[in-house]
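First the structure, in the form of structure tokens, and then the observations on it.
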Amino acid sequence: MTLSAPFSIVSLGEMDSDRVIKTGSIALDRYLREQASQDMRRRIAYCFLALTNDKQIAGYYTLSAGSALLNDLQQNIIKKLPRYPSVPIVRMGRLAVDKSFQGHGLGGALLADALERAAKSEIAAYAMVVDAKDETAVVFYQHHGFISFPSSHKTLFLPFSTIFPKSSLE
Ligand SMILES: CC(C)(COP(=O)(O)OP(=O)(O)OC[C@H]1O[C@@H](n2cnc3c(N)ncnc32)[C@H](O)[C@@H]1OP(=O)(O)O)[C@@H](O)C(=O)NCCC(=O)NCCS
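Numbering-wise (this note's numbering), the sequence shown opens with residue 3 and increments by one.
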């Protein structure tokens with residue numbers, strides 16, 4: 003799925019006006035306003051924004067490199083992976099849509115954009131991992147095919163191979 007008009011997705015670095023969003027979560031609003039630029043500069047997390055035609059921020063997500071312990075995955079998945087202690091992953095640390103745009107497909111479109119961006123990278127990663135902030139977010143991610151880690155219900159993953167069977171480098 004790609005994001006259709008009237009939204010465009012840009013890196014936070016390309017946006018120089020106020021980083022204002024009202025998602026219903028104080029922590030997610032504050033992160034964009036106060037922390038995201040610093041995380042970008044320090045290469046801790048890259049932040050991508052959905053902008054309306056008039057440059058209003060309608061949503062955002064962040065991506066970082068990470069790893070998951072092999073033994074934290076389900077047995078049927080472990081069997082198909084090499085016996086390294088951990089597997090490389092991409093972590094979507096935050097995903098948020100402004101309240102006035104929620105329920106119209108933007109969250110799903112941002113998720114699809116993040117998956118495609120990560121899968122297109124020339125750095126290998128087995129899966130995307132997300133941290134759901136509450137049970138509603140867990141259900142949202144499950145709706146999109148994510149599976150909870152056996153030991154941590156609110157941390158979910160989606161192997162890239164399930165949506166992109168072949169990598170662009172194969
Ligand atoms: C969760 C959030 C990102 C979803 O974004 P959204 O734009 O409202 O969701 P969408 O309209 O794109 O929904 C996409 C799909 O997910 C489904 N969906 C959305 N919220 C859902 C929920 N809580 N439970 C189950 N399914 C849900 C929709 O039915 C839709 O399904 P479809 O594509 O088959 O029609 C948004 O509501 C939000 O920012 N919430 C506050 C912050 C938050 O909870 N972030 C989650 C990450 S921690």
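Every residue gets a Cβ at the ideal spot worked out from N, C-alpha and C, and that includes glycine. The structure displayed is predicted, hence computed values, not measured ones.
Helix, strand or coil at residue i [DSSP, three-state]
i, result
"K122", "helix"
"F103", "helix"
"D18", "coil"
"S163", "helix"
"A1", "There is no way to answer for residue 1, as the model of the chain reaches only from 3 to 172."
"M3", "Annotation note: pLDDT 45 at M3 (below 50); position unreliable, coordinate value reported separately. In this structure, M3 counts as coil in the three-state DSSP scheme."
"F148", "coil"
"A127", "coil"
"A116", "helix"
"A139", "helix"
"L171", "coil"
"R93", "strand"
"I23", "coil"
"L158", "strand"
"A134", "coil"
"S153", "coil"
Within 8 Å, strictly: CB atoms of residue i and residue j
i, j, result
"G61", "L117", "no"
"L171", "E124", "yes"
"I1", "S69", "Since the first and last residues shown for the chain are 3 and 172, residue 1 lies out of range."
"K24", "D18", "no"
"L14", "A29", "no"
"L51", "V12", "yes"
"F151", "A121", "no"
"G95", "D133", "yes"
Local Cβ density within 10 Å of residue i, reported as buried at 16 or more and exposed below that
i, result
"L160", "buried"
"G109", "buried"
"R43", "exposed"
"T164", "exposed"
"A126", "exposed"
"I59", "buried"
"R85", "exposed"
"D56", "exposed"
"T173", "The chain is shown only over 3 to 172; residue 173 falls outside these bounds and no answer can be derived."
"L83", "exposed"
"D136", "exposed"
"V131", "buried"
Original post:
What does the shell around ligand 1 hold, if a residue joins when its beta-carbon is under 6 Å from any heavy atom?
Top reply: Taking every residue with its beta carbon within less than 6 Å of a heavy atom belonging to ligand 1 gives, in chain order, T25, G26, S27, L30, L97, A98, V99, Q104, G105, H106, G107, L108, G109, G110, A134, K135, T138, A139, V141, F142 and H145.
**OP:** Only counting runs of 4 or more residues, tell me where the alpha helix (DSSP H) segments fall wholly within the region 55 to 81, in order along the chain.
**Re:** Along the region 55 to 81, the alpha helix (DSSP H) occurs as fully enclosed runs of 4 or more residues at 77 to 80, listed in sequence order.
**OP:** At 3 residues or longer, and completely inside the region 26 to 58: list those beta strand (DSSP E) runs for me, N to C.
**Re:** Within the region 26 to 58, the complete beta strand (DSSP E) runs of at least 3 residues are 48 to 53.
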